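This note's numbering puts the first residue of the sequence shown at 34, with every later residue one more than the last. Where a beta carbon is used, it is the ideal one built from N, C-alpha and C, also for glycine. Predicted, not measured: the structure shown is a model, and the values here were computed from it.
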Amino acid sequence: MKLLILLVIVVGVIAVAQLAKIYQLSARLRGHREEEISEADTKLQGSLWIVFMFVFFGMTIWQFVRYGDYLPPSASLHGKSVDTLMNYNLALIIFVFFVVNTLLFVFAYKYRYNKNRKAKFFPHDTRLELIWTVIPSIVLAVIIIYGLQTWTVMTGPASADAIRIELYSKQFDWTARYSGDNDEFGATDFNLITSSNPLGIVTQEGIDAALVKIDGKISKLNNELKSEKGHLLAEKKELESALHGGEHSHGDHDNHEISAEKKAHLTNRLQLIDDVLESGKTTILSEAAYEAKSDKVYRLERHRQRILELSSYELGRGIDPWSVGKDDKIVKGEFHIPLGREIEFVFRSRDVIHSALMPHFRAQMNTVPGLPTRFKVTPVITTDSMRTILDDPNFNYILLCNKICGSAHFNMKMDIVVDTEAEYDEWLNNQKVYISEKN
Ligand SMILES: [Cu+2]
34 MKLLILLVIV VGVIAVAQLA KIYQLSARLR GHREEEISEA DTKLQGSLWI VFMFVFFGMT
94 IWQFVRYGDY LPPSASLHGK SVDTLMNYNL ALIIFVFFVV NTLLFVFAYK YRYNKNRKAK
154 FFPHDTRLEL IWTVIPSIVL AVIIIYGLQT WTVMTGPASA DAIRIELYSK QFDWTARYSG
214 DNDEFGATDF NLITSSNPLG IVTQEGIDAA LVKIDGKISK LNNELKSEKG HLLAEKKELE
274 SALHGGEHSH GDHDNHEISA EKKAHLTNRL QLIDDVLESG KTTILSEAAY EAKSDKVYRL
334 ERHRQRILEL SSYELGRGID PWSVGKDDKI VKGEFHIPLG REIEFVFRSR DVIHSALMPH
394 FRAQMNTVPG LPTRFKVTPV ITTDSMRTIL DDPNFNYILL CNKICGSAHF NMKMDIVVDT
454 EAEYDEWLNN QKVYISEKN
């Protein structure tokens, strides 16, 4: 069906182009000069501008009526001022839109070509220049200052008793972290990220687990490299020539003579290689595969070194920095926040720039790898109340990624539940602690 419509459009365009060509040719035959345009032509064109203007305005107004009210009422304290700011800007833009477009189309009609009219030569007018410079400057300054003030309300420092929640973004999901009983997020390091420690929280357990994992990978790769047939045979040849080389070159250079200790070592190694070759457990790798594996071992060893070099983070206050993260709570799928409390969100990103959008709270912030960002929100309508207001039992507040960040970007979202404070406390108590002391 779509193809058919496309085909009709293409054929239509070609037909119009051909008609125009024929019209030009026939005009030439009739001795009509192309630059001569009749009064009736000009009048028709001018009137069409006016018709287009009314259609254009009508469609614009229809869009505002149909789609203007696309968001439910703001569910955050600062959201109302964001809405007011938006409406103020929109009113200004709509006013300017109608003035400018009316002038554009009416002038096109009114000052259409007329044989008896000569254009006025009007090179400069200081007063006019001043008017159209100063008025927009004032209007823009008001918009910017007003906008910045509203922005500061959302991004200003959070109060001391605000609840802090970390939102961690990666391709393609969100993870929420709550700080646990000590009210302090454990430090994180990307070198420690594993499937069981997706945020890379620094704890002794996390370090040990990461090291075990890396050591396992290194020894597996080393085993594969050790039993590679081609390299074993090459090494065997080298060892043999080192062992027997001295005997054949009858004392040309005395330093070819090898010590008994080294000889024992080489013989030992030769024996090991022979054992592997005879065991039949050899593998055959291409040169490229061998190099890729060796390179992987090298990189894993470097990664291992970086973990060993993790310095302990200085926190003071007598807290062991590597135990701070143990009581953190990591939440996937949906996260809860209490009604009427100030929440400070801290955003981090693992891979690329994402954008945390909470449309119902009128809040958005980029999440940037290596650079924590933040905003604060005070929810004023619980999820239950909003379901009643919207008469939609399935409604949920939502956190969305609003930066096209890859193939599954569309699916990068997390539900937000606004509870009463008691419900929230109960929910948080039921969340699992990252590393439980009981295990
Ligand atoms: Cu994203």
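Looking only at DSSP bridge pairs, what is residue i linked to?
| i | result |
| --- | --- |
| W207 | S202 |
| N516 | A query on residue 516 cannot be resolved here, the shown segment of the chain reaching from 34 to 472 and no further. |
| D452 | P371 |
| A396 | M391 |
| V466 | K362 |
| T221 | I234 |
| P402 | S382 |
| S109 | P412 |
| R197 | E377 |
| T7 | The requested residue 7 is not part of the displayed model; the chain covers only 34 to 472. |
Please look up how many angstroms separate the CB atoms of residue i and residue j, rounded, as I've assumed it's under 8 angstroms.
| i | j | result |
| --- | --- | --- |
| L333 | V451 | Not a contact, Cβ separation roughly 45 angstroms. |
| A220 | V357 | 7 angstroms |
| R383 | K203 | 4 angstroms |
| V172 | L125 | 7 angstroms |
| N429 | T421 | Incorrect: roughly 14 angstroms between the Cβ atoms, too far for contact. |
| Y142 | I47 | Not a contact, Cβ separation roughly 31 angstroms. |
| F218 | D360 | Actually they are not in contact, since the Cβ atoms of F218 and D360 sit about 10 angstroms apart, beyond 8 angstroms. |
| W355 | V235 | 6 angstroms |
| M187 | F408 | 5 angstroms |
Is any heavy atom in ligand 1 found nearer than 8 angstroms to the beta carbon of residue i?
| i | result |
| --- | --- |
| F368 | no |
| G180 | no |
| M447 | no |
| V401 | no |
| K436 | yes |
| F205 | yes |
| H5 | This structure does not reach residue 5, given that the chain is present from 34 up to 472, and the question cannot be answered. |
| V385 | yes |
| S327 | no |
| S388 | yes |
| S202 | yes |
Looking at the unbroken beta strand (DSSP E) that takes in residue i, where does it start and where does it end?
| i | result |
| --- | --- |
| R381 | 376-382 |
| R407 | 406-410 |
| Y56 | It is not in any beta strand (DSSP E) - Y56 instead sits in the alpha helix (DSSP H) that spans 35-62. |
| H442 | Per DSSP, H442 belongs to no beta strand (DSSP E) and is neither H nor E. |
| V5 | There is simply no residue 5 to check, as the chain begins at 34 and stops at 472 in what is shown. |
| Y430 | 430-434 |
Flag residue i as yes when its Cβ comes closer than 8 angstroms to any non-hydrogen atom of ligand 2, and as no otherwise.
| i | result |
| --- | --- |
| S440 | Of the ligands one can find in the structure shown, namely ligand 1, none is ligand 2. |
For the alpha helix (DSSP H) that residue i lies in, which residues bound it at each end?
| i | result |
| --- | --- |
| T75 | 72-100 |
| D214 | No alpha helix (DSSP H) contains D214, which DSSP labels as neither H nor E. |
| A321 | 320-341 |
| H298 | 293-312 |
| N122 | 112-143 |
| L161 | 159-188 |
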